[in-house]
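The next block holds one structure in the form of structure tokens; read it before the comments.
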Amino acid sequence: MSDIGFVRTEMLPEQDPPASEVGIIGWARHNLFSSWFNSILTIASFTAVYFVLAAIVPWILSPTWDGTSLSNCRETLAAAGHGDAHGACWGVIKERWVQLIFGFYPSHLYWRPVAAFVLLGAALAPVLFSDRVPSKMLIFSALYPFIFPWLLWGGTIWMPIAALAGFVIGGLVYKFAAEALSTLLGVILGVAAALVWWMLLAAPVSGALDSILPIGIEAVESRKFGGFMLSVTIGVVAIACSLPIGIVLALGRQSDLLIVKYICVGFIEFIRGVPLITLLFVASTLLNIFMPPGTNFDIILRVLIMVTLFASAYMAEVIRGGLAALPRGQYEGADSLGLNYWQAQRLIIMPQALKISIPGIVSTFIGVFKDTTLVSIIGLLDPLGLSNAIRADANWNGIVWELYGFIALLFFVFCFSMSRYSMYLERKLQTGHR
Amino acid sequence: MSELMTDRQIDRSKMQVSDEVAIEISNMNKWYGSFHVLRDINLTVNQGERIVIAGPSGSGKSTLIRCLNALEEHQQGRIEVDGTVLSNDLKNIDKIRSEVGMVFQHFNLFPHLSILENCTLAPIWVRKTPKKEAEERAMHFLEKVKIPEQADKYPGQLSGGQQQRVAIARSLCMMPRIMLFDEPTSALDPEMIKEVLDTMIELAEEGMTMLCVTHEMGFARQVANRVIFMDAGQIVEQNEPEEFFNNPKSERTKLFLSQILGH
Ligand SMILES: Nc1ncnc2c1ncn2[C@@H]1O[C@H](COP(=O)(O)OP(=O)(O)O)[C@@H](O)[C@H]1O
Ligand SMILES: [Mg+2]
Chain A
165 MSDIGFVRTE MLPEQDPPAS EVGIIGWARH NLFSSWFNSI LTIASFTAVY FVLAAIVPWI
225 LSPTWDGTSL SNCRETLAAA GHGDAHGACW GVIKERWVQL IFGFYPSHLY WRPVAAFVLL
285 GAALAPVLFS DRVPSKMLIF SALYPFIFPW LLWGGTIWMP IAALAGFVIG GLVYKFAAEA
345 LSTLLGVILG VAAALVWWML LAAPVSGALD SILPIGIEAV ESRKFGGFML SVTIGVVAIA
405 CSLPIGIVLA LGRQSDLLIV KYICVGFIEF IRGVPLITLL FVASTLLNIF MPPGTNFDII
465 LRVLIMVTLF ASAYMAEVIR GGLAALPRGQ YEGADSLGLN YWQAQRLIIM PQALKISIPG
525 IVSTFIGVFK DTTLVSIIGL LDPLGLSNAI RADANWNGIV WELYGFIALL FFVFCFSMSR
585 YSMYLERKLQ TGHR
Chain B
1362 MSELMTDRQI DRSKMQVSDE VAIEISNMNK WYGSFHVLRD INLTVNQGER IVIAGPSGSG
1422 KSTLIRCLNA LEEHQQGRIE VDGTVLSNDL KNIDKIRSEV GMVFQHFNLF PHLSILENCT
1482 LAPIWVRKTP KKEAEERAMH FLEKVKIPEQ ADKYPGQLSG GQQQRVAIAR SLCMMPRIML
1542 FDEPTSALDP EMIKEVLDTM IELAEEGMTM LCVTHEMGFA RQVANRVIFM DAGQIVEQNE
1602 PEEFFNNPKS ERTKLFLSQI LGH
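Just so you know, the sequences run in chain order A and B. Read in order, the letters of the first sequence are residues 165 to 598 in the numbering used here. Read in order, the letters of the second sequence are residues 1362 to 1624 in the numbering used here.
Now the structure itself:
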């Protein structure tokens, strides 16, 4: 008889894991004290965290919310027994937070930016959470780009309607030209018609309509814009425009048409090779030289264009990375089924390329949003620009950390949400291992 | 490489070759840069033919069948597929592609779409079939390839054999008159090869015109009505399977067969 043969007659029942593996003790043993080296690291980290918190928490918990000036804060702190007046002076935030958010926007019109950003949420919802929000809301999302500037800048309602009409005109021209001639000619003629409308006709037509039927809200000049509202405006516009432009640039860069390809490559490489600050200076000063004298080209619009172009170039490269990661078989699969170029791009290639690129895209978004603070250098009063203005006030001369801390908190909330959203999206789009 | 691959009886009643020409290739040449990859190809395929293309790796088999639906461009000669001449006209190319189904070695399913969406995409967008009808047809073909229960899953959740059957169903949903297969079983584990071959046999039994690049010589013997042997970008020999396997004429063919069949 042999010792090798073995037949199990009874299957083993499932057992609970030993106590040292479960619960808090098990968790701590696994994650904090799994070896003597890890134990030392754990203890050292806890100590470091303790000292940092011990320094910061008392500073934050300072009873100075009612302070009216820096010296006033110091007195309050001394009275409360904070040694050598160590503590934050929150009075400045309480006094100036409205300004940090709205800049010099007329206070009786604050409802307009508030409404604009609340509606922004409503417009984004069907885009960001397509599975939970009815897709009919997308109609509102499509109209929102026209409502948004009108709410912020005000003026006659005919202007956004005229801008919208440009798309309708372009679309109609495309439809008829594409049927009568060819798709390509249709696209060219449609774009040309829309451009002619916007450049030459939209302003006089909306002016004429306004003189017949003046409907509008109080206009607000760009120089009154400021604060976090300005950052969000620039950030949102640059983010929203850079994604489609970036997609077009990335596709153009891969195009078989050499002219298209080299225009895209040239644009991307030029923009990426130049610091954003330079572009902003061009926007703020140099552009005036090239403009015919007397033209009034809104400074915020100029900045918006520059930041958008800057973001688009980066976006194009991020998306190109996603395109390059797609196996050739995906193009062939789409081709072999008879899908044309645009169908293949829209239905097969882009959804996957964008999905692969989500982390890079969101990083670019976050970067762009934070880069909006650079506009303070050309004199726009974004939160950082305002913080300098606030320090120029004799009452608050010398205050630094409180302002920067508050501004940092505002930016952090936005950037962190974007980052979380991207992780949610990646999880949602996960369709099994490939 | 297996000799025998199916135990089932093949129903030959509908496997009829008609006089109607499905594909006509005359004096076709193709270069990759300066590399002459296809040389003077002449081939006429009739409606209902089941052709197996064999040959050593790099001999141009894939390139040849990819030229038939313009995944590759040919530089000289004439290709006529289902009455349409392949030219640079994009409309012709899209028309031919929607008439000719293609199954790839690596399936090329769309991983971001469910199985059902993979199958309905092209009918909806290319053929403008109403969604409901497209879905019914997709389910019909998924049943045919015996995986209707996977319709809501994603390609990444299926085994290789299942994915390849979905790829076949996806092509069939376009109601093609001709099917091209480029080594459909080469990327599969042995136990999955049979399920894909069975699907292909069923197609053949229904009278589909098929061009298969494959190393499954059992399939060639049992299903093909013609075997084409390619080497160095040329058609070296073609014949009925019995003749081709039992009585090869060319030295190259003999060498290839001895290697692949291990005699
Ligand atoms: N895109 C390409 N560019 C250049 N050479 C290629 C390309 N695709 C294939 N080839 C070459 O063409 C020859 C034929 O390839 P292929 O048709 O794939 O062969 P087979 O399918 O018979 O193995 C091979 O030598 C291969 O290296
Ligand atoms: Mg091949």
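Note that beta-carbon positions come from the ideal geometry of N, C-alpha and C, so glycine has one too.
With burial defined as no fewer than 16 other Cβ atoms inside 10 Å of the residue's Cβ, what is the status of residue i: buried or exposed?
i: alanine 488 of chain A; result: exposed
i: alanine 1528 of chain B; result: buried
i: tryptophan 565 of chain A; result: exposed
i: glutamate 1612 of chain B; result: exposed
i: serine 170 of chain A; result: Correcting the residue identity first, residue 170 of chain A is phenylalanine in this sequence and not serine. Result: exposed.
i: asparagine 1479 of chain B; result: buried
i: threonine 1546 of chain B; result: buried
i: leucine 1365 of chain B; result: Caution applies to leucine 1365 of chain B, whose pLDDT of 49 falls short of 50 and renders its modelled position unreliable; the value that the coordinates give is listed next. That one is exposed.
i: histidine 194 of chain A; result: exposed
i: tyrosine 269 of chain A; result: buried
i: valine 1413 of chain B; result: buried
i: serine 198 of chain A; result: exposed
i: glutamate 1504 of chain B; result: exposed
i: histidine 272 of chain A; result: exposed
i: arginine 598 of chain A; result: Below a pLDDT of 50, predicted positions are generally treated as unreliable, and arginine 598 of chain A, at 46, falls in that range; the measurement from the model is reported next regardless. So arginine 598 of chain A counts as exposed.
i: arginine 466 of chain A; result: buried
i: lysine 1452 of chain B; result: exposed
i: alanine 447 of chain A; result: buried
Using a Cβ-based criterion (distance less than 7 Å to any ligand heavy atom), does residue i qualify as near ligand 1?
i: lysine 1422 of chain B; result: yes
i: serine 203 of chain A; result: no
i: valine 1398 of chain B; result: yes
i: glycine 497 of chain A; result: no
i: serine 1395 of chain B; result: no
i: glycine 1521 of chain B; result: no
i: glycine 190 of chain A; result: no
Quick check: residue i and residue j, are their CB atoms within less than 8 Å of each other?
i: glutamine 1377 of chain B; j: glycine 1409 of chain B; result: yes
i: isoleucine 321 of chain A; j: leucine 283 of chain A; result: no
i: glycine 486 of chain A; j: alanine 517 of chain A; result: yes
i: threonine 1560 of chain B; j: valine 1406 of chain B; result: no
i: glycine 391 of chain A; j: leucine 548 of chain A; result: no
i: leucine 443 of chain A; j: methionine 470 of chain A; result: yes
i: threonine 1614 of chain B; j: glutamate 1603 of chain B; result: no
i: valine 1464 of chain B; j: valine 1442 of chain B; result: no
i: isoleucine 435 of chain A; j: alanine 477 of chain A; result: yes
i: arginine 1400 of chain B; j: asparagine 1390 of chain B; result: yes
i: isoleucine 464 of chain A; j: phenylalanine 389 of chain A; result: yes
i: valine 256 of chain A; j: isoleucine 441 of chain A; result: no
i: glycine 350 of chain A; j: alanine 342 of chain A; result: yes
i: proline 398 of chain A; j: threonine 536 of chain A; result: Contrary to the premise, residue 398 of chain A reads as isoleucine rather than proline in this sequence. Result yes, Cβ atoms of isoleucine 398 of chain A and threonine 536 of chain A sit closer than 8 Å.
i: isoleucine 571 of chain A; j: serine 540 of chain A; result: no
i: phenylalanine 1471 of chain B; j: glutamine 494 of chain A; result: yes
i: arginine 1411 of chain B; j: alanine 1565 of chain B; result: yes
i: isoleucine 1508 of chain B; j: glutamine 1525 of chain B; result: no
i: arginine 1587 of chain B; j: glutamate 1601 of chain B; result: yes
i: leucine 217 of chain A; j: threonine 206 of chain A; result: no
Just to check, is the beta-carbon of residue i closer than 7 Å to a non-hydrogen atom of ligand 2?
i: valine 1464 of chain B; result: no
i: glutamate 1556 of chain B; result: no
i: glutamate 1460 of chain B; result: no
i: glutamate 1577 of chain B; result: no
i: valine 1442 of chain B; result: no
i: valine 1574 of chain B; result: yes
i: aspartate 1543 of chain B; result: yes
Give the residues of chain B in contact with residue i, contact being defined as C-beta atoms less than 7 Å apart.
i: threonine 595 of chain A; result: Pro1472, His1473, Tyr1515 and Gly1517
i: lysine 519 of chain A; result: His1473
Residue i touches chain A at which residues, Cβ-Cβ below 8 Å?
i: arginine 1498 of chain B; result: Those do not exist, as arginine 1498 of chain B stays about 14 Å from chain A at its closest Cβ, beyond 8 Å.
i: serine 1459 of chain B; result: Leu501 and Gly502
i: leucine 1432 of chain B; result: Glu496, Asp499 and Ser500
i: alanine 1483 of chain B; result: Leu501, Gly502 and Leu503
i: methionine 1376 of chain B; result: Going along chain A, no residue has its Cβ under 8 Å from methionine 1376 of chain B, so there is no contact; the nearest lies around 25 Å.
So which residues of chain A does residue i contact, with C-beta pairs closer than 7 Å?
i: histidine 1467 of chain B; result: Gly493
i: aspartate 1455 of chain B; result: Gly502 and Asn504
i: methionine 1536 of chain B; result: The contacting residues do not exist; methionine 1536 of chain B stays about 11 Å from chain A at best.
i: methionine 1463 of chain B; result: Ser500
For residue i, go through chain A and note every residue whose CB falls closer than 9 Å to its CB, in chain order.
i: valine 1487 of chain B; result: Leu501, Gly502, Leu503, Asn504 and Gln507
Taking residue i as the query, report the chain B residues whose CB atoms sit under 9 Å from its CB, ordered along the chain.
i: proline 515 of chain A; result: Phe1471, His1473 and Leu1474
i: leucine 511 of chain A; result: Phe1471, Leu1474, Leu1482 and Trp1486
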